[in-house]
Amino acid sequence: MGNRILIVDDAAFMRMMIKDILTKNGYEVVAEAADGQQAVELFKEHAPDLVTMDITMPEMDGITALKEIKTIKSDAKVIMCSAMGQQAMVIDAIQAGAKDFIVKPFQADRVLEAISKAIG
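Residue numbering for the sequence shown follows my numbering, starting at 2 and increasing by one per position.
Here's what the structure looks like:
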């Protein structure tokens, strides 16, 4: 149906913020991960339609996790989440296959716009 989402962020507060925006707008959050390694495992397990991926995380960063997910499913849809001042990493992420990126702190309309654009 195009609305099952995996949220990946090492900050529980950020995951909660995104989850709140998504569930209020009819999206189903199938799983949440606190680092890139967990994200890859959960992606294999749940096969979500879309992943929101933090860039800076312990264990495995978001760009590495993005590349791993792309090897599992080449057309996986991933939106990167970054703090201000991470432009170089955002460019790396887009080159690695991210569909879009959203900047923290999240604005609901921007999150929803990025997701609907990525899912199509």
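Virtual Cβ for every residue (Gly too), placed ideally from N, Cα, C. Predicted model only: the values in this text are computed from it and were never measured.
Can you check whether the CB of arginine 5 is closer than 8 Å to the CB of serine 50? Note that residue 50 is aspartate in the sequence shown here, rather than serine. A contact, by the Cβ cut-off of 8 Å.
Let's test the definition: count the other Cβ atoms within 10 Å of the Cβ of lysine 118 and tell me whether it reaches 16, buried, or not, exposed. exposed
Backbone secondary structure at aspartate 55 - three-state DSSP: strand
I believe isoleucine 103 touches cysteine 82 by the beta-carbon criterion, under 8 Å. Please report the beta-carbon distance rounded to the nearest angstrom. 5 Å
Near alanine 84, which residues of its chain fall below 6 Å by C-beta distance, leaving aside the five closest residues on each side in sequence? Lys105
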